[in-house]
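Please read the structure below before turning to the comments.
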Amino acid sequence: MSYNSFAPINNLPAEVMSSIILLNATEIMDEYPTWHQKSMSWISSTQVCRQWRAVALDFPTLWSKILFVHPELAESMIRLSKDAPLTVKAVVHGTEFIDAISKIFAQSHRLRTLDLSGFASPAFISAFTTPAPVLKNLVLSPPPNVTVTLPTGFLQGQAPLLHSVEVRHLAPQMWGKLPLGPNLTTLELSSASPGSQGLSPKEILISLRRMPLLQTLSLVDILPLDPEGYPQAGQTNFPPLPLPALRTIELSDGIVPITAFLGAIDIPREATVRIKLLRAIQETRCVEDFFANLVTSWVQKLQADIKGLIVSEDYNYSRYDGSPRTLIVQCFFRCPPVQDSDPSQLTISFLDPRPRVQEYLATLNQYLDLYSVSYLMVEGRSGRLVSIFSHLRNLETIALRNTPVHGFLEAIEDTSKQLPFPGLSTLDLLDIDFTVGYNYGTQSVIGGLVAALSARALVCPLGFLRISQCKYFGSAAYDFIRASLPELLVEWDGSHTV
């Protein structure tokens, strides 16, 4: 111990030494969740010698991110953090940490971040009724079978610094109990009971009006089912609610409540819009009203046409007959996507789409105008989605991903009305199984592709064919295409998966 006292590092001021210890602790706690055993490994650095221990114990900030590895550790950190603002991120199962959480709630004036997941009873937060003057982030995420109900006087309605609120499985009527104020930038709410009576349309708009800095809004199954009460389009006394700072809006609900909500708000042109229609659509008029309100509230402000389009079928939790669970349409207004990771400005998901796919896409074309689309990617087992877009004159590139090619071949061979895809110059085949979905007798898929492209070359030749990550496609098929279509530039990545 006397040797350690003469070590150079022990001559550092306490402020410098505490910063070094905090840097080490922060790095470890950022890497592991607060309930992971390794999240507490930094504590050993506080036991090097008497001086290090004294510095650590007298540094409240070091202990302010509470760890939930052991109940005793959590309670010790609450005590050692003294009056420092607390960061609490816990996954709570059972009653092991009830005492620690209760002590935290009793000091709500210190809470800076509260992120609780997994708590098994809504009564867990029933005592949380004192103000939280420094609280910036609030996350409540119980198991799916638990509904979040907030006590009367939740936080006494006083959390003036609150920036972010995320509550899952919220009882819809609880929205009004959340302390949502002018500093809020993120609001994410999902309902535990779709269709339950919550706030009225007027109350929701009043609540949102109090959040002029709101940047991210995500609402899942919590909008009023009855659209009555929203301002109607054209009512000068009730203009749409402006959300000037909004950059991301995600709405997941039935088409009627989403349509009514879109008609009552004003989305800035800089925003990204993601909409998931969670229930099957019964009437064509609903689709038309939906797109009309989407255009009025947002699209018309973009002053840009759609340049790129990705249409895909999602088979997760598919129907008993194997048809897709959802149809997903991604629209790129500024420029076509260059990489798969490029985000779309608009994403719409239709539930149970198979009976009305053409209707949905035709209405999309009517209201959003696909005339300027130069890039189209289609992904799905049906193979025929691509034919819906054969009239697009400015379409230059078609990408087929994990979809039978027969739909495309049938589309380019159908010249009964007009030349399909008149501007097409590039075809990308990605992750295609060349043994699936072709019905031309004994002719192979490769043979059918060559025949269709050869016939098209007489009137409007393709310039570039790109083949990547495809199954049952090898060097023999590559050589056959090049020999059969010598004017076509063919690029193959060399992969051969069987």
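Numbering of the sequence shown is given in this note's numbering, commencing with residue -16 and proceeding in unit increments. Glycine included, each C-beta is placed from N, C-alpha and C at the ideal position. All of these numbers come straight from a predicted model, not from anything done at the bench.
I believe Y354 touches D288 by the beta-carbon criterion, under 8 Å. Please report the beta-carbon distance rounded to the nearest angstrom.
7 Å
Per DSSP, what are the beta-bridge partners of R449 in this structure?
D411 and E474
Here's the rule I'm using: 16 or more other beta-carbon atoms within 10 Å means buried, otherwise exposed. How should C453 be labelled?
buried
For the candidate residues S451, I450, E379 and N276, whose alpha-carbon lies nearest to that of P444?
E379
Taking its Cβ as the centre, do 16 or more other Cβ atoms sit within 10 Å of G390, making it buried, or is it exposed?
buried
Pick out whichever of P387, L347 and M360 has its Cα sitting closest to the Cα of L407.
M360
Residue ranges of each alpha helix (DSSP H) within the region 224 to 305, 4 or longer:
Taking only runs of at least 4 residues, the alpha helix (DSSP H) segments lying wholly in the region 224 to 305 are 238 to 245 and 267 to 277.
Beta carbon of V356 nearer than 8 Å to that of G291:
It is a contact, given that the beta carbons lie within the stated cut-off.
If we ignore side chains and look at the alpha-carbon of each, how far apart do K160 and Q180 end up?
15 Å
What's the C-alpha gap between P499 and W46?
A question about residue 499 goes unanswered here, because the residues of the chain that appear run from -16 up to 481.
Could you give the distance in angstroms between the alpha-carbon of L402 and the alpha-carbon of I395?
8 Å
Scan the region 304 to 362 and note each continuous alpha helix (DSSP H) run of 4 residues or more that stays entirely inside, going in chain order.
Segments of the alpha helix (DSSP H) lying fully in the region 304 to 362: 340 to 351.
K72 - containing beta strand (DSSP E), residue span:
L69 to V74
Can you tell me which of N348, Q139, P127 and T169 puts its alpha carbon nearest to the alpha carbon of F145?
In the sequence as displayed, the identity of residue 145 is Leu instead of Phe. Out of N348, Q139, P127 and T169, T169 has the C-alpha closest to the C-alpha of L145.
To which residues does DSSP link A382 through a beta bridge?
M360 and D411
Might you give, ordered along the chain, the residues of its own chain that have their beta carbon closer than 6 Å to the beta carbon of D416, omitting 5 neighbours on each side?
The answer, listed in chain order, is K454.
Tell me which same chain residues have a C-beta within less than 6 Å of the C-beta of A89, skipping the five on either side of it?
none
Here's a check: name, in chain order, each residue in its chain whose Cβ is nearer than 6 Å to the Cβ of S1, leaving out the five neighbours to either side.
V38 and F42
Taking the straight line between their C-alpha atoms, what separation do you get for A382 and A228?
35 Å
Buried or exposed (CB count within 10 angstroms, at least 16 for buried), Q313
Buried, because 16 or more other Cβ atoms sit within 10 Å of the Cβ of Q313.
As a quick exercise: from L197, V129, S295 and H152, pick the residue whose alpha carbon is nearest that of N166.
With distances taken between Cα atoms, N166 lies closest to L197.
Taking the Cβ atom as the reference point for each residue, do M157 and L133 lie within a distance shorter than 8 Å?
yes
By the DSSP assignment, the beta strand (DSSP E) with S59 in it spans what residues?
No beta strand (DSSP E) holds S59; the alpha helix (DSSP H) holding it covers P54 to L63.
How should L472 be labelled, buried or exposed, when 16 other C-beta atoms within 10 angstroms of its C-beta is the threshold for buried?
exposed
For S437, report the span of its alpha helix (DSSP H) as first-last.
V428 to A440
So H389 is in the alpha helix (DSSP H); what residue range does that whole segment cover?
Per DSSP, H389 belongs to the alpha helix (DSSP H) from H389 to E396.
Among the residues of its own chain, which have a CB less than 7 Å from the CB of D414, if the five just before and after it don't count?
So the list reads R384, N385, Q452 and C453, once near-sequence residues are dropped.
8 Å Cβ cutoff met for F102 and P125:
yes
How about I485 and S324: do their beta carbons lie closer than 8 Å?
The shown model of the chain, from -16 to 481, leaves out residue 485, and the question about it has no answer.
Nearest-angstrom beta carbon gap, Y350 and F463 [assumed within contact, 8 Å]:
Actually they are not in contact, since the Cβ atoms of F463 and Y350 sit about 44 Å apart, beyond 8 Å.
If you follow the beta strand (DSSP E) that D82 is in, where does it begin and where does it stop?
Note, D82: premise wrong, no beta strand (DSSP E); alpha helix (DSSP H) at I81 to F88.
DSSP on I26, reduced to helix/strand/coil?
helix
Other residues of its chain near W475: CB distance less than 6 Å, five sequence neighbours each side excluded:
I450 and Y461
Where S109 falls: helix, strand or coil (DSSP):
S109: coil per DSSP, three-state reduction.
Just the C-alpha distance for L532 and K400, rounded to the nearest angstrom, thanks.
Any answer about residue 532 is impossible in this case: the structure gives the chain only from -16 up to 481.
DSSP on Y423, reduced to helix/strand/coil?
Residue placement at Y423 cannot be trusted, given a pLDDT of 47 that sits under 50; what the coordinates show is reported in the next sentence. Y423: coil per DSSP, three-state reduction.
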